[in-house]
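The number in my numbering is simply the position in the sequence shown, starting from 1, with 6 added. Notes for the one structure printed next.
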Amino acid sequence: MTLRVFLLLIAALVSAADFSGERALEAAKTAVSFGPRPAGSAASKRMQTWIAHELKTLGWEVEQDSFTAQTPHGAVTMANLIARKPGLSGRAVVVTGHTDTKTFPFRFVGANDGGSSTALLLELARALQTQALRNDVWLVFFDGEEAFVQWSDTDSLYGSRHLAGKWAADHTLERLIALINVDMIGDRDLLIMNEEYSTQALRRLLRAAAARLGLSQHIGLDPAAIEDDHLPFVRQGVPAIDLIDFDYGPGNSWWHTAADTTDKLSAASLRNTGQLVLEMIRMLEPH
Numbered sequence: 007m008t009l010r011v012f013l014l015l016i017a018a019l020v021s022a023a024d025f026s027g028e029r030a031l032e033a034a035k036t037a038v039s040f041g042p043r044p045a046g047s048a049a050s051k052r053m054q055t056w057i058a059h060e061l062k063t064l065g066w067e068v069e070q071d072s073f074t075a076q077t078p079h080g081a082v083t084m085a086n087l088i089a090r091k092p093g094l095s096g097r098a099v100v101v102t103g104h105t106d107t108k109t110f111p112f113r114f115v116g117a118n119d120g121g122s123s124t125a126l127l128l129e130l131a132r133a134l135q136t137q138a139l140r141n142d143v144w145l146v147f148f149d150g151e152e153a154f155v156q157w158s159d160t161d162s163l164y165g166s167r168h169l170a171g172k173w174a175a176d177h178t179l180e181r182l183i184a185l186i187n188v189d190m191i192g193d194r195d196l197l198i199m200n201e202e203y204s205t206q207a208l209r210r211l212l213r214a215a216a217a218r219l220g221l222s223q224h225i226g227l228d229p230a231a232i233e234d235d236h237l238p239f240v241r242q243g244v245p246a247i248d249l250i251d252f253d254y255g256p257g258n259s260w261w262h263t264a265a266d267t268t269d270k271l272s273a274a275s276l277r278n279t280g281q282l283v284l285e286m287i288r289m290l291e292p293h
């Protein structure tokens with residue numbers, strides 16, 4: 007075994023130790039315990055209080071970014087949660103995901119679609135708690151990703167559209183090195199899409215991170231485009247990537263159904279995605 011291969015194996019083991027899929031799965035179960043969590047709902051607010059408490063306990067600086075969104079159901083008060091871990095470079099890597107669930111006539115608790123991204127960000131906060139990084143890391147829990155009626159440019163991505171506009175206006179976007187969005191990454195059969203709206207350089211970085219960690223089998227090759235919370239930032243010129251597995255259940259039959267429950271989630275998939283995000287953050291560090 008060469009020294010280079012040995013060091014890469016050590017790096018992979020360190021990454022694996024940093025992120026616990028089991029803890030992330032427990033966090034997803036807690037998120038689901040709040041029940042359906044549409045943007046602006048009482049359940050959503052209770053869950054945000056829990057998220058903020060967890061982040062503050064881990065030593066992160068937490069900001070509530072409240073705003074009023076104009077929806078097909080009228081004005082709805084929403085809030086993104088932003089957690090910050092300061093670095094030294096003056097630049098920032100942002101990891102994002104949504105917490106809300108779509109409203110349906112049936113009970114939809116969104117274990118994968120909303121719960122998995124919430125859980126991954128919380129476990130990432132724990133994994134990064136004591137790590138010394140030169141770049142800032144910001145974790146953003148988006149509200150209002152889901153459409154209220156029918157997905158469109160105006161009825162979707164409320165939280166990310168709001169924050170991209172706000173950060174463009176106050177020049178915060180100029181500090182961003184990259185934005186990594188995660189969504190629906192708890193599926194047992196994890197295959198992260200080769201998402202076409204995502205920045206090419208970050209798509210290459212994801213593949214390189216997967217190769218380093220021995221996780222290339224979880225990265226899809228066929229390109230496909232998905233509108234998600236990274237898109238408002240891509241449109242503002244921010245390098246951004248969407249890590250999403252948009253094939254949930256046989257023929258995607260569990261997506262947006264009552265079957266999206268925690269028994270469909272995998273600690274291994276959460277761990278693997280968490281490892282990939284951590285490795286990308288490390289690879290984006292200045293050398």
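All C-beta atoms in this analysis are idealised placements derived from N, C-alpha and C, irrespective of residue type, glycine included. Computed from a predicted structure; not experimentally measured.
With DSSP run on the structure shown, which of helix, strand or coil describes residue i?
i: Trp144; result: strand
i: Ala117; result: helix
i: Val244; result: coil
i: Met199; result: strand
i: Ala18; result: Below a pLDDT of 50, predicted positions are generally treated as unreliable, and Ala18, at 42, falls in that range; no measurement from the model is reported.
i: Pro229; result: strand
i: His236; result: coil
i: Thr102; result: strand
i: Leu211; result: helix
i: Ala153; result: coil
i: Leu139; result: coil
i: Ala30; result: helix
i: Leu182; result: strand
i: Trp173; result: helix
i: Trp56; result: helix
Do the CB positions of residue i and residue j come within less than 8 Å of each other?
i: Val146; j: Thr102; result: yes
i: Ala85; j: Ser72; result: yes
i: Thr83; j: Thr77; result: no
i: Val115; j: Asn141; result: no
i: Val38; j: Lys91; result: no
i: Asn200; j: Leu227; result: yes
i: Ile183; j: His224; result: no
i: Ser95; j: Pro292; result: yes
Opposite residue i in the DSSP bridges: which residues?
i: Glu69; result: Ile88
i: Asp193; result: Leu271
i: Ile250; result: Asp189
i: Gly294; result: Past the boundaries of the shown model lies residue 294; the chain is included only from 7 to 293, so the question cannot be answered.
Am I right that residue i and residue j are in contact with their C-beta atoms under 8 Å? What's the rounded C-beta distance?
i: Tyr203; j: Ala45; result: The Cβ separation is near 22 Å, so there is no contact.
i: Leu87; j: Gly280; result: Their Cβ separation, rounded to whole angstroms, is 19 Å, which puts Leu87 and Gly280 out of contact at 8 Å.
i: Leu196; j: Ser275; result: 4 Å
i: Ala117; j: Ala34; result: 6 Å
Any contact between the region 128-139 and the region 54-68? By contact I mean 3 or more CB pairs, one from each, below 8 Å. Short answer: they touch.
Report yes or no: do the region 160-180 and the region 225-241 share at least 3 C-beta pairs separated by less than 8 Å? Under the three-pair Cβ rule at 8 Å, the region 160-180 counts as touching the region 225-241.
Sufficient close CB pairs (3 or more, under 8 Å) joining the region 248-256 to the region 186-200: Touching, per the Cβ criterion.
Three CB pairs or more closer than 8 Å across the region 258-265 and the region 204-220: In this structure the region 258-265 does not touch the region 204-220; the number of beta carbon pairs closer than 8 Å is below three.
Taking 8 Å as the cut-off, does the region 24-38 touch the region 110-130 (at least 3 CB pairs, one atom from each stretch)? The region 110-130 makes contact with the region 24-38; the number of CB pairs closer than 8 Å reaches 3 or more.
Contact between the region 215-227 and the region 147-157 is defined here as three or more beta-carbon pairs at a separation below 8 Å; is this criterion met? Three or more Cβ pairs closer than 8 Å define a contact, and the region 215-227 falls short of that threshold against the region 147-157.
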